[in-house]
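Written below as structure tokens is the structure these notes are about.
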Amino acid sequence: SLYVSEYFSQSAQKLSFYSWYGNAKLFHFHVPEDTVLLRWLLQASRGKGPECTSMEITVHFRHGAPPVINPLGTRFPANATVRPSYNISISLSSAVQNTTFVNVTTPAAGDWFIAAHLPEAAGRIEVKGFSTPCPYMFQADMFVLRLTDMPVLEPGVPMSHTVVSPAKPLHVKVFVPKHAAGMRFQLSSCVTSEQRACTVRVLLGSITLPQSFQRSLTCTGSTNCSLALDSPPWEKWLQIMVESLGPANASVLVEMLASFTVCRPGSTSSFLNFISLNQSQAGARPGAAGSLSPAAGEAPHNMSGQRSSCLQSQPVVREDLDVVSVRYRLLSGPSVPVSSLSPTLLLLNLNTGMDSGGSLVVSLLLNKTSVSLANATVAACVSAASPVLSLNATRTCSTAFSQGYPLSVSTSSAEAMLIVLYPQTDDWFLSLQLLCPKEQGECSSAEAKVTVFAYLTPCFNDCGPYGQCSLLRRHGYLYAACSCKAGWGGWSCTDDTKAQTMGTQNLATLLLTLSNLMFLPAIAVAVYRFYLVEASVYTYTMFFSTFYHACDQPGVAVMCIMDYDTLQYCDFLGSVVAIWVTILCMARLKKILKYVLFVLGTLLIAMSLQLDRRGVWNMMGPCLFALFIMVTAWVHHGAKRRHCYPSSWKRWVFYLLPGITLAFIAISVYAFMETNENYYYTHSIWHVLVACSVAFLLPPQDKHKKPWAWPQKLTCRYQICQNDREELYAVT
289 SLYVSEYFSQ SAQKLSFYSW YGNAKLFHFH VPEDTVLLRW LLQASRGKGP
339 ECTSMEITVH FRHGAPPVIN PLGTRFPANA TVRPSYNISI SLSSAVQNTT
389 FVNVTTPAAG DWFIAAHLPE AAGRIEVKGF STPCPYMFQA DMFVLRLTDM
439 PVLEPGVPMS HTVVSPAKPL HVKVFVPKHA AGMRFQLSSC VTSEQRACTV
489 RVLLGSITLP QSFQRSLTCT GSTNCSLALD SPPWEKWLQI MVESLGPANA
539 SVLVEMLASF TVCRPGSTSS FLNFISLNQS QAGARPGAAG SLSPAAGEAP
589 HNMSGQRSSC LQSQPVVRED LDVVSVRYRL LSGPSVPVSS LSPTLLLLNL
639 NTGMDSGGSL VVSLLLNKTS VSLANATVAA CVSAASPVLS LNATRTCSTA
689 FSQGYPLSVS TSSAEAMLIV LYPQTDDWFL SLQLLCPKEQ GECSSAEAKV
739 TVFAYLTPCF NDCGPYGQCS LLRRHGYLYA ACSCKAGWGG WSCTDDTKAQ
789 TMGTQNLATL LLTLSNLMFL PAIAVAVYRF YLVEASVYTY TMFFSTFYHA
839 CDQPGVAVMC IMDYDTLQYC DFLGSVVAIW VTILCMARLK KILKYVLFVL
889 GTLLIAMSLQ LDRRGVWNMM GPCLFALFIM VTAWVHHGAK RRHCYPSSWK
939 RWVFYLLPGI TLAFIAISVY AFMETNENYY YTHSIWHVLV ACSVAFLLPP
989 QDKHKKPWAW PQKLTCRYQI CQNDREELYA VT
């Protein structure tokens, strides 16, 4: 056998502390066909600074779709099916770097996903630039060992092969045809090179994570050894590995045979019926008189075909609506007939490779008037790769290599819903069959009508009123996740364990908005002292800060007077410009110079906020430069007057020192005390402290200027003018 090794690598990503699925870093790989060994190389590292501590990284694996994880232990939405992901932990303690290998033998071909994240986030709001977080990096590489000339086991044809040694197992594959209801694998003989009986182990199927349904069979001697499989995966290659359990360096000769039981679908899925259904929908409403005349003529034939076939397939059209958004439409209408003779089958195509990043929703509604039997139940099963062709009360909803998702509707419970989070890339099937109690003999002629709604959505219920559906991207792959707010949690923001009450939400809104009214004293002081430009800036800041926080609320108490991004930008701009003009006003510059600095500084601040709105230097830079100008001006005034400036001790004790103290407390609260839980009152304290400090720090008016001295400034008046010119008369 010829083995080929291949190597796939992706760039390292910086890990984040986990608060929602967007914090998990996703890696997407594609495993080729005929792969017999898969090895993951996981490399984790951290920085060398003092802020870097010991950390544990959690890595999740899944085949076919991104892993469904729940590090916070929150609740999933009702009717959602959740199967725990396979995960490992990588510790970074004393070592700066950690390298871990994960081996998977006979892995399933197709998409594989890895998600890595740090522990739960602390919830502290950090100002960008005040602290340097420790960088934790993670990189995943993939090695595959692929068999280039894997032997093909033809159905119904015995094949003999030699297992060279226990260290070199035999790999063969067989193709499963469409409509295969069952498969039987038989090992007819097993002898060593010395013509003695031997023992081998046969593994059928590939390994998939988080759950693997690989089937094992141990055969000894020359006796027939067989294994029957129900509903093998349709139109796929099935790997079979035979390994010797005998002594080392002992070759073994085995003879294998694979056979299939093929199910004949009913005439409902024929091409002519498909065309007639399509034409009926284009020309008339489904169920209208005369709209299904070609199909009505085939009714006796269909009933006889239903009795002799093992399934009735209904034509389904896949309608792509948007990214990770698909609607499935039945050509015969939303209601499908369900009988007890054979299951009704619907194909839900999710094999494009871009459908696994959403949620598959299947909803069933039973028409109670269509069921003639009182205690009858319609059993349903949603499965991937192959359908469940035998639904009854004793059998579980499982196929040969996967576990499906069961559903049921009856006259007592006519509705059922199923939510599959991140469905794997494959053909999905919905099987429905009518089940009757044993004492009711009319079950063979009974029929039920079930309305089926199936669709793929990025986020179930659009994350509800307390969540936001975000579309995430990893290279060319798109997937969706919910970001919750107002204390709500869970996959679809349906967990209200830590949710804020309506009273708390209203209180948060009132505190964050009404606390801006503390700018009214500062505005009044500025107007009284004739600082009209400064008063205009404070009014601008108060207005946009109030309505920005009214729009920024996480709950339902929200009011947005304009676009959220515009409100946020105006709020940040007003806050920084208010600090800028206040400090320059304290510097006592000449008017022309002060107003030039006002305009020039505002333009530069607007530019810097457009570049990086949350950078700490967008606030600290203008503040430090304005302080430098103020100190320089104060030193100049003091040297000119030959005493300290400001000269009044009352000015220092009753105005400057309280204003500076309030400003430093406000900065400390803003930079070091805010968290997600206490944001609504710590940020309100920031509003109050900043507004009060402005009122204290504004300088007094000039002594020679009276406030609001409008008459002295109006120099132009009406005056009674007298013409004193003498008139000259000419004397002749």
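According to my numbering, the stretch in the sequence shown is residues 289 to 1020, in order.
No residue lacks a Cβ here, since even glycine has one placed at the ideal position from N, Cα and C.
As the structure is a computational prediction, the values presented were derived from the model and not from experiment.
query, result
"Straight-line Cα distance separating C757 from V740", "26 Å"
"Integer Cβ distance of P520 from A468, believed to fall under 8 Å", "6 Å"
"Q793 (DSSP reduced to helix, strand or coil)", "helix"
"Buried or exposed (CB count within 10 angstroms, at least 16 for buried), W905", "exposed"
"Assumed close pair V464, K524 - CB separation to whole angstroms, cut-off 8 Å", "6 Å"
"Straight-line Cα distance separating G411 from P809", "34 Å"
"Reduced DSSP category for F886 - H, G, I as helix; E, B as strand; rest coil", "helix"
"P354 classed as buried or exposed, judged by whether at least 16 other C-beta atoms fall within 10 angstroms", "buried"
"Residues that W974 bridges to, as DSSP identifies them", "Per DSSP, none; premise fails for W974."
"Three-way DSSP call (helix, strand, coil) for H837 in this model", "helix"
"T346 and S377 closer than 8 Å at C-beta", "yes"
"Exposed unless 16 or more other CB atoms sit within 10 angstroms - verdict on Q989", "exposed"
"Beta-carbon spacing of Q793, A774 below 8 Å", "yes"
"Beta strand (DSSP E) segment containing P625, residue limits", "623-627"
"Simplified DSSP assignment, three categories, for Q298", "coil"
"Cβ distance (whole Å) where A667 is taken to contact L679 below 8 Å", "4 Å"
"Residue nearest to I707 in terms of C-alpha spacing, selected from S690, S674, T745, S700", "T745"
"Residue range of the unbroken beta strand (DSSP E) whose run includes I528", "524-532"
"Same chain, Cβ closer than 8 Å to M874, neighbours up to 5 away in sequence not counted", "M918, L985, L986, P987"
"C-alpha gap between V670 and F717, whole angstroms", "6 Å"
"Whole-angstrom distance between V319 and L855, CA atom to CA atom", "48 Å"
"Which residues DSSP lists as bridging V869, in chain order", "Partner(s): none; V869 has no beta bridge."
"Minimum C-alpha distance to M544 - residue among F473, F818, Q691", "F473"
"Local Cβ density within 10 Å of L888, reported as buried at 16 or more and exposed below that", "exposed"
"CA-to-CA distance, S733 to T628, given in whole angstroms", "A small correction: the amino acid at residue 628 is Ser; Thr does not occupy that position in the sequence shown. Near 8 Å, if we compare the C-alpha coordinates of S733 and S628."
"Proximity winner among W779, I811, C770, relative to R363 (alpha-carbon distances)", "W779"
"Cα-Cα separation, A584 to H459", "Low confidence applies to A584: its pLDDT is 32, below 50, so where it sits in the model is not reliable, and the reading given next is rough at best. Those two C-alpha atoms are separated by around 51 Å."
"Cβ shell of P446 (< 8 Å), same chain only, five flanking positions each side left out", "S476, E543, M544, L545"
"Presumed contact (8 Å Cβ cut-off) between S494 and P395, rounded CB distance", "6 Å"
"Contact check, Y968 vs L800, beta carbons under 8 Å", "yes"
"Given 8 Å, three or more beta-carbon pairs between the segment 439-456 and the segment 384-398", "no"
"K920, buried or exposed, once every other Cβ within 10 Å from all chains shown has been counted against 16", "Note that residue 920 is Thr in the sequence shown here, rather than Lys. Exposed, since its Cβ has fewer than 16 Cβ neighbours within 10 Å."
"N537 burial status per 10 Å Cβ neighbour count (16 or more: buried)", "exposed"
"Cβ shell of Q527 (< 6 Å), same chain only, five flanking positions each side left out", "T394, K461, S494"
"Span separating the alpha-carbon of C770 from that of C507", "50 Å"
"Closest residue to T713 among A664, V612, L633 (Cα-Cα distance)", "V612"
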